[in-house]
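Participant:
Numbering (full-length UniProt numbering), first residue to last: 1 to 275.
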């Protein structure tokens, strides 16, 4: 494809995202690979990510779980991968993630997974088994969960989404009930990360229309708009939303909703992923 032709295709035109100059608008979204044996990034990931790197291109790591027992070997394992992407002039962000009640039952000290609720998931996990009943987080614990990273995973039925969605969140304290209360945890996480690394290096991924992992909402558009307004207040670099083309993995249906209201309301860079 010649330069003249590429300039006529919007996706292939350059754009500026905060302090970053992107050579095109095609972004490699975070994709869980389930190949990190022992919870550590493997050497083969270097090839995987560099194959998808273009000069000035923007790509994300797969979800990296946050834990109070941070392991230094995780940092050491990622260094050569990140260095290889940078060597090809790629822009590489890390997605941080907490699964909440979707996490595996094999927790430190035999503890139960944590969630906004103590309601167990009714669906089966990817191996065909049952999920472990979660433990409801106490209000004293919630401020201590301060995530550090670049893209905060607030989508697809994981911990932050479990607070956002009224199908899951049945709390009666300041983290449940009203839309403002259900979004409080997500906003506090954004505030904590922005405080640590600056708003120009923080984004969040949301899926307001999805019902994945029993995490649906009665008014997804209102939820999405509220979160966009909160992100604007904190000067978040980008909003990464999932198109409402599907609600469950096995569902195929005609899409009637749109991300357009959220896109129009957000002041930063708006990134869209497929269903």
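Each residue gets a CB set at the ideal place from its N, CA and C atoms; glycine is no exception.
No experiment lies behind these values; they were computed from the predicted model shown.
Can you tell me the Cα-Cα spacing of residue 176 and residue 20, whole angstroms?
Facilitator: C-alpha separation (whole angstroms): 37 Å.
Participant: Just to confirm before moving on: does the CB-CB distance between residue 221 and residue 187 stay below 8 Å?
Facilitator: No, these two residues do not count as a Cβ contact at 8 Å.
Participant: With 16 as the cutoff for other CB atoms within 10 Å, does residue 64 come out buried or exposed?
Facilitator: Buried, by the Cβ-count rule.
Participant: DSSP state of residue 267, grouped into three classes?
Facilitator: Note: residue 267 maps to coil in three-state DSSP.
Participant: Looking at the structure shown, is residue 304 part of a helix, part of a strand, or coil, going by DSSP?
Facilitator: This structure cannot speak to residue 304, because the chain is shown only from 1 to 275.
Participant: Reducing DSSP to helix, strand and coil, say where residue 163 ends up.
Facilitator: Here residue 163 sits in helix by DSSP.
Participant: Would residue 160 be called buried (16 or more neighbouring beta carbons within 10 Å of its own) or exposed?
Facilitator: Classification of residue 160: buried, given that the 10 Å Cβ count is 16 or more.
Participant: Of the residues 272, 173, 155, which one's Cα is nearest the Cα of residue 213?
Facilitator: Nearest of 272, 173, 155 to residue 213, Cα basis: 155.
Participant: Assuming residue 236 contacts residue 268 under a Cβ cut-off of 8 Å, what Cβ separation, rounded to an integer in Å, is found between them?
Facilitator: So it is a contact: roughly 6 Å between Cβ atoms.
Participant: Please specify which runs of the alpha helix (DSSP H), each continuous and at least 4 residues long, are wholly inside the segment 169-216, giving them in chain order.
Facilitator: Complete alpha helix (DSSP H) runs here, min 4: 179-197.
Participant: Within the chosen definition, does the segment 160-173 reach the segment 190-203 through at least 3 CB pairs nearer than 8 Å?
Facilitator: The segment 160-173 is not in contact with the segment 190-203.
Participant: Apart from the five residues just before and just after residue 209, which ones in its own chain have a Cβ nearer than 6 Å to its Cβ?
Facilitator: The answer, listed in chain order, is 220, 244, 257.
Participant: Comparing C-alpha positions only, which one of 238, 27, 44 sits nearest to residue 34?
Facilitator: Considering only alpha carbons, the answer is 44.
Participant: Classify residue 49 as buried or exposed, calling it buried when 16 or more other Cβ atoms lie within 10 Å of its own Cβ.
Facilitator: Under this definition residue 49 is a buried residue.
Participant: I'd like the list of long-range same chain contacts for residue 17, defined as Cβ closer than 6 Å, with 5 residues on each side in sequence excluded.
Facilitator: The residues are 269.
Participant: Determine the extent of the beta strand (DSSP E) in which residue 17 is found, giving its start and end residues.
Facilitator: 15-17 is the extent of the beta strand (DSSP E) around residue 17.
Participant: Got a sec, what are the start and stop residues for the alpha helix (DSSP H) residue 45 sits in?
Facilitator: From DSSP, the alpha helix (DSSP H) with residue 45 extends over 44-51.
Participant: How would you call residue 11, buried or exposed, if buried means at least 16 neighbouring beta carbons within 10 angstroms?
Facilitator: By the neighbour-count rule (16 or more Cβ atoms within 10 Å), residue 11 is not buried but exposed.
Participant: Residue 65 bridges to which residues according to DSSP?
Facilitator: Answer is 97, bridged to residue 65.
Participant: Going by alpha carbons, who is nearest to residue 266 out of 272, 85, 273, 239?
Facilitator: If we check each option's Cα against that of residue 266, 239 comes out closest.
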